[in-house]
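Here the structure is laid out as structure tokens; the discussion comes afterwards.
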Amino acid sequence: MSENILEVKNLKAYYDILKGQVKAVDDVTFNLKKGEILGLAGESGCGKSTLASSFISRKKPLKYISGEVDLVGNKIMEMSEKEFKKLRLSTISLIPQYALDAFSPTKKIKTYIADLARQHGIKTDKKFFNKVKERLDLVNLDESVLNRYSIELSGGMKQRVIMVISTILDPEFLIADEITSALDVSSQRFVATMLANLRDLGIIKSSIFITHDLSILYQIADRIMIMYAGNFAEIGPTDEIVDNPRHPYTRALIDSLPKVGIQYKDKRLSGIDGTPPHLLNIGEGCRFRHRCPYAIDKCEETPQREQVAEDHYVSCWRWKELGSDLSGQK
Amino acid sequence: MAKNKDIVMSVQGLTKVFKSGILNPEYTVAAKDVSFHIEKGKIISLIGESGSGKTTVGKLILKLINPSEGKIIYKGKDIAEINDKSETQNYYRRVQGIFQDPFATFNPLYRVDRVFDLIFDSFDLDYEDKDKAIRDALYDVNLNPDRTLGKFPHQLSGGQLQRLLIARALLMDVDVLIADELISMLDASTRIGVLNLLVESCKKHGMSVIFITHDLNLGYYISDKSLIMYKGRLVERGDTKKIYENATHPYTQMLFEAVPEIGERWDPDEEFLPEQVVDDVNDFYQNNKGKGFVEIEEDHSVLFSDQ
Amino acid sequence: MAKDFWAKHENLYYALTNKKVIFGLTIVAIVFLLAAFGPLIAQYEYDEYAGQGYLPPSSDHFFGTTIDGKDVFTRTVHGLRSTLLVGAVAGTIATLIGCIIGFVAGYYGGTIFDELLMMLTNIFVVMPQLALLIVIAAFLEVRGTFVMAVIVASTAWPWTARAVRSQTLSLKNQEYVSLSRISSISVSRILREDIASNMFSYVFMVFIQQFNGTMLATVQLEFLGLGPTKGISLGLVMQNAVNWNGIQLGMWWWAIIPGLILTILITALYFVNTGLDAAFNPRLREM
Numbered sequence: 001m002s003e004n005i006l007e008v009k010n011l012k013a014y015y016d017i018l019k020g021q022v023k024a025v026d027d028v029t030f031n032l033k034k035g036e037i038l039g040l041a042g043e044s045g046c047g048k049s050t051l052a053s054s055f056i057s058r059k060k061p062l063k064y065i066s067g068e069v070d071l072v073g074n075k076i077m078e079m080s081e082k083e084f085k086k087l088r089l090s091t092i093s094l095i096p097q098y099a100l101d102a103f104s105p106t107k108k109i110k111t112y113i114a115d116l117a118r119q120h121g122i123k124t125d126k127k128f129f130n131k132v133k134e135r136l137d138l139v140n141l142d143e144s145v146l147n148r149y150s151i152e153l154s155g156g157m158k159q160r161v162i163m164v165i166s167t168i169l170d171p172e173f174l175i176a177d178e179i180t181s182a183l184d185v186s187s188q189r190f191v192a193t194m195l196a197n198l199r200d201l202g203i204i205k206s207s208i209f210i211t212h213d214l215s216i217l218y219q220i221a222d223r224i225m226i227m228y229a230g231n232f233a234e235i236g237p238t239d240e241i242v243d244n245p246r247h248p249y250t251r252a253l254i255d256s257l258p259k260v261g262i263q264y265k266d267k268r269l270s271g272i273d274g275t276p277p278h279l280l281n282i283g284e285g286c287r288f289r290h291r292c293p294y295a296i297d298k299c300e301e302t303p304q305r306e307q308v309a310e311d312h313y314v315s316c317w318r319w320k321e322l323g324s325d326l327s328g329q330k
Numbered sequence: 331m332a333k334n335k336d337i338v339m340s341v342q343g344l345t346k347v348f349k350s351g352i353l354n355p356e357y358t359v360a361a362k363d364v365s366f367h368i369e370k371g372k373i374i375s376l377i378g379e380s381g382s383g384k385t386t387v388g389k390l391i392l393k394l395i396n397p398s399e400g401k402i403i404y405k406g407k408d409i410a411e412i413n414d415k416s417e418t419q420n421y422y423r424r425v426q427g428i429f430q431d432p433f434a435t436f437n438p439l440y441r442v443d444r445v446f447d448l449i450f451d452s453f454d455l456d457y458e459d460k461d462k463a464i465r466d467a468l469y470d471v472n473l474n475p476d477r478t479l480g481k482f483p484h485q486l487s488g489g490q491l492q493r494l495l496i497a498r499a500l501l502m503d504v505d506v507l508i509a510d511e512l513i514s515m516l517d518a519s520t521r522i523g524v525l526n527l528l529v530e531s532c533k534k535h536g537m538s539v540i541f542i543t544h545d546l547n548l549g550y551y552i553s554d555k556s557l558i559m560y561k562g563r564l565v566e567r568g569d570t571k572k573i574y575e576n577a578t579h580p581y582t583q584m585l586f587e588a589v590p591e592i593g594e595r596w597d598p599d600e601e602f603l604p605e606q607v608v609d610d611v612n613d614f615y616q617n618n619k620g621k622g623f624v625e626i627e628e629d630h631s632v633l634f635s636d637q
Numbered sequence: 638m639a640k641d642f643w644a645k646h647e648n649l650y651y652a653l654t655n656k657k658v659i660f661g662l663t664i665v666a667i668v669f670l671l672a673a674f675g676p677l678i679a680q681y682e683y684d685e686y687a688g689q690g691y692l693p694p695s696s697d698h699f700f701g702t703t704i705d706g707k708d709v710f711t712r713t714v715h716g717l718r719s720t721l722l723v724g725a726v727a728g729t730i731a732t733l734i735g736c737i738i739g740f741v742a743g744y745y746g747g748t749i750f751d752e753l754l755m756m757l758t759n760i761f762v763v764m765p766q767l768a769l770l771i772v773i774a775a776f777l778e779v780r781g782t783f784v785m786a787v788i789v790a791s792t793a794w795p796w797t798a799r800a801v802r803s804q805t806l807s808l809k810n811q812e813y814v815s816l817s818r819i820s821s822i823s824v825s826r827i828l829r830e831d832i833a834s835n836m837f838s839y840v841f842m843v844f845i846q847q848f849n850g851t852m853l854a855t856v857q858l859e860f861l862g863l864g865p866t867k868g869i870s871l872g873l874v875m876q877n878a879v880n881w882n883g884i885q886l887g888m889w890w891w892a893i894i895p896g897l898i899l900t901i902l903i904t905a906l907y908f909v910n911t912g913l914d915a916a917f918n919p920r921l922r923e924m
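Residue numbers (this note's numbering), protein chains in the order written: chain B, 1 to 330; chain V, 331 to 637; chain Z, 638 to 924.
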């Protein structure tokens with residue numbers, strides 16, 4: 001049953017700059033199952049967007065260093081740009097982080113869609129636009145939207161248009177990078193739910209939903225993967241991650257989220273002191289160790305990825321012994 | 331009812347209409363008939379989505395724009411009457427703000443230290459050692475002075491810039507702080523540290539904060555009172571907990587429904603459309619025509635109709 | 638000591654070390670030197686019959702001769718001087734007028750002042766520049782350098798006015814201006830540090846653009862024979878070359894060189910402009 005759409009093994013992608021290398025994605029391993037929505041969470045600079053870029057478009061100074069990425073049998077890191085182009089939009093599609101800003105203010109929405117389609121070699125005939133209209137209806141947009149300009153649409157509406165375009169060829173796998181962050185709360189729910197709907201309807205098979213907002217992932221992700229400072233920290237089923245996190249960073253992250261009905265005067269939340277490390281020429285060792293309350297000498301050595309349970313992995317030397325300390329009430 | 335002496339600032343019937351163009355003017359009502367009190371040492375969340383008017387209210391209190399109608403009373407006086415230089419200076423000594431976009435808040439041509447220099451130049455801040463005071467303030471917000479001072483704004487992250495602005499405000503020890511989307515650029519783990527610091531400052535110095543945000547959960551966590559704004563109107567106002575337990579205005583109800591919570595899942599069968607709220611609100615106003623802004627329980631008022 | 642100077646005037650440092658600026662300024666300097674000293678080293682007068690016609694470039698005639706034996710080099714450098722002068726004066730006038738109108742309109746943005754000034758500007762924008770210039774220039778029997786400059790400036794300023802106005806408007810609403818306001822900074826300090834300093838580089842670059850524009854407009858007029866009534870100008874040299882079929886006759890030194898110098902100058906100025914943009918905007922600097 002759990003056929004994997006995507007298998008990533010020990011992926012390393014660094015930014016090559018004058019001063020050295022920014023180790024933005026360092027030895028990341030995970031799978032994406034068919035029909036799954038995998039949430040990718042982590043704070044700014046953790047490498048989640050870089051991970052997406054390393055699959056789809058490695059533009060300088062981002063450089064692929066090592067590791068394998070297997071997308072439904074295609075080894076995409078070894079493919080040439082030309083070969084990979086055939087996969088774009090049809091097999092793998094990306095909604096980039098600032099897609100909302102990419103609308104040309106002087107083009108009507110239908111022109112924008114047609115241009116984009118042509119760039120990917122799709123014929124923009126009547127059949128195509130009928131499909132577009134169907135999909136627009138699915139996201140509750142009237143087809144009159146096609147004749148409007150982007151400034152006439154709200155952020156939420158624009159995001160919905162983007163979702164329609166990005167999935168028009170029914171890709172196997174959609175990467176959605178911060179598609180809810182710039183939206184109002186009401187649109188956030190709609191867009192996040194829409195992503196799950198697209199999967200349920202079979203329009204997309206699987207998705208990686210990148211965001212820093214764990215509470216939204218809790219709503220629609222089947223599994224959640226946590227990254228910290230370019231490293232893999234933990235991956236597991238959503239409820240497990242939230243209720244029984246094994247990585248100290250995951251726990252701290254969950255703890256720092258305000259809970260329903262809890263005020264400061266009832267119970268103070270604690271954040272994490274300090275800030276993530278600079279990734280420029282960063283050395284070995286667990287990158288969280290300077291902020292981790294459980295750090296020991298061994299943490300100077302880069303932790304191995306170990307299995308906790310089915311589909312649940314963690315990279316921490318002490319996960320076993322800390323097990324009971326982290327879960328439950330603090 | 332709050333005792334009068336606890337009230338630091340009072341906003342009454344505040345309205346702001348923007349006019350664009352002279353020959354064929356277009357009017358935009360950014361805020362209409364907004365009224366509330368700010369009590370000493372309390373935190374008020376001003377919650378709304380884009381276009382709600384919350385930033386406009388912040389700007390009005392900061393005297394960056396003038397109201398079309400209504401008044402803001404501070405220390406017994408309508409701030410619209412504060413015109414001369416020294417009175418304005420006194421006002422800003424005690425009323426400060428942190429704006430939404432940290433990148434836009436720093437003049438790109440100068441180093442970030444300038445924002446501190448400006449306040450030390452203008453105000454009589456009670457510190458023996460200016461440099462030490464600044465360094466201490468930076469440590470308080472989890473910033474390393476050696477890695478942030480002396481840099482240009484584009485060399486720092488949004489989160490660092492935001493924290494610099496918070497440090498600046500805390501250095502001034504003000505009565506009222508308008509914090510507009512204060513922590514939007516900060517990560518979840520750093521946010522809490524900053525929020526906790528804010529709350530402690532309020533307790534320690536008696537500072538009042540208007541915490542403008544669209545994040546209901548954070549608003550709930552730190553605020554005593556809440557103001558919910560929708561399309562320029564104040565639709566629900568009162569004790570935060572009471573609003574949460576008894577959300578009456580359809581817009582408030584929609585907000586609480588839309589917010590993702592850990593521990594509670596959205597109902598997959600429920601159809602949630604952001605457009606729906608417009609109709610719901612209009613129906614609500616129609617059904618309650620003429621009622622206006624009504625107190626439904628102690629310290630909890632709702633806008634029942636917009637006439 | 639030098640280091641302190643640069644530390645205080647960082648912008649200047651970046652301006653002068655930017656590759657584009659260095660490259661551009663070098664070329665501009667060469668052209669200006671040519672205009673300044675060319676006439677001094679020229680062996681002939683620009684109207685003098687200096688030798689045989691049709692001669693390609695040689696040590697006697699650096700740029701060869703025209704069809705009737707006038708020295709092209711002499712004509713070019715004298716013409717360059719005249720054209721540069723008109724262009725520079727026109728550019729300065731246009732920038733000044735544009736800046737004043739633009740700044741006032743922007744500062745009073747949204748009020749009746751703004752509307753009136755913009756209406757005035759729009760009237761000028763809509764007028765066909767070349768046609769107007771031709772009419773004015775043809776009307777005047779005698780055209781001196783200054784008059785030429787005024788004529789050219791009269792249609793060039795609207796562009797500056799609009800650009801400066803929009804820049805002022807946007808700067809006025811910048812949040813760092815708001816921060817200065819709530820930090821109780823004096824209005825004059827705000828104008829100086831927040832608005833003008835962010836405008837200075839803009840205005841400087843606007844001037845360079847204007848200079849380019851006025852130069853081209855000047856050459857256009859000269860080419861049509863509507864240049865200064867006395868003397869030689871670059872456009873006139875080019876006009877002669879075309880009228881006397883310089884191109885068809887294969888006299889590339891006459892037909893192409895003067896125009897090439899103009900093109901090189903204008904291109905170099907664009908380089909300087911782009912380089913300065915990076916210098917003045919810290920975000921664009923290569924770190």
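Idealized CB from N, CA, C, for every residue including glycine.
Under 8 Å from the C-beta of residue i: neighbouring residues of chain V
i, result
"D273 of chain B", "N472, G523"
Beta carbon proximity, residue i to chain Z, threshold 7 Å
i, result
"F446 of chain V", "no"
"S452 of chain V", "yes"
Any C-beta of chain V under 7 Å from that of residue i
i, result
"S144 of chain B", "no"
"S104 of chain B", "no"
"Q263 of chain B", "yes"
"Y218 of chain B", "yes"
"D831 of chain Z", "yes"
"K330 of chain B", "With a pLDDT of 39 at K330 of chain B, under the threshold of 50, the modelled position of that residue is not reliable, and no figure is offered here."
"L806 of chain Z", "no"
CB of residue i within 7 Å of CB of residue j, strictly
i, j, result
"L603 of chain V", "N140 of chain B", "yes"
"T582 of chain V", "I558 of chain V", "yes"
"P865 of chain Z", "R780 of chain Z", "yes"
"I391 of chain V", "I522 of chain V", "no"
"L468 of chain V", "A497 of chain V", "yes"
"Y64 of chain B", "M79 of chain B", "no"
Between the CA atoms of residue j and residue i - distance to the nearest angstrom
i, j, result
"E83 of chain B", "E321 of chain B", "47 Å"
"A233 of chain B", "F837 of chain Z", "50 Å"
"G283 of chain B", "L51 of chain B", "20 Å"
"I377 of chain V", "T386 of chain V", "12 Å"
"V723 of chain Z", "M755 of chain Z", "27 Å"
"L816 of chain Z", "D447 of chain V", "12 Å"
"E591 of chain V", "P105 of chain B", "36 Å"
Under 7 Å by beta carbon: chain V residues contacting residue i
i, result
"I819 of chain Z", "L392, Y422, Q426, G427"
"N928 of chain Z", "No answer is possible for residue 928 of chain Z: it lies beyond the span of chain Z, which begins at 638 and ends at 924."
"Y589 of chain Z", "Residue numbering for chain Z in the displayed model covers 638 to 924; residue 589 of chain Z lies beyond these limits and cannot be assessed."
"S834 of chain Z", "L439"
Cβ neighbours of residue i in the same chain (closer than 7 Å, five flanking residues each side left out)
i, result
"I911 of chain Z", "Residue identity differs from the one stated: residue 911 of chain Z is Thr in this sequence, not Ile. Closer than 7 Å at Cβ, skipping near neighbours: K657."
Sequence-distant residues of its chain with Cβ nearer than 6 Å to residue i (five each side left out)
i, result
"F634 of chain V", "N618, K621, V624"
Same chain, Cβ closer than 8 Å to residue i, neighbours up to 5 away in sequence not counted
i, result
"L671 of chain Z", "V714, L717, I898"
Partners in chain V for residue i, counting only beta-carbon separations shorter than 9 Å
i, result
"I822 of chain Z", "L448, D451, S452"
Contact list for residue i against chain B, beta-carbon separation under 7 Å
i, result
"E511 of chain V", "Per Cβ cutoff of 7 Å: no residues; E511 of chain V is ~12 Å from chain B at best."
Within chain Z, the residues that residue i reaches when beta carbons sit closer than 9 Å
i, result
"D610 of chain V", "Within chain Z, no residue comes near D610 of chain V; the closest Cβ sits about 35 Å away, beyond 9 Å."
Within chain Z, partners of residue i - CB distance below 8 Å
i, result
"T385 of chain V", "Near T385 of chain V there are no residues of chain Z at all, since even the closest Cβ is about 11 Å away, more than 8 Å."
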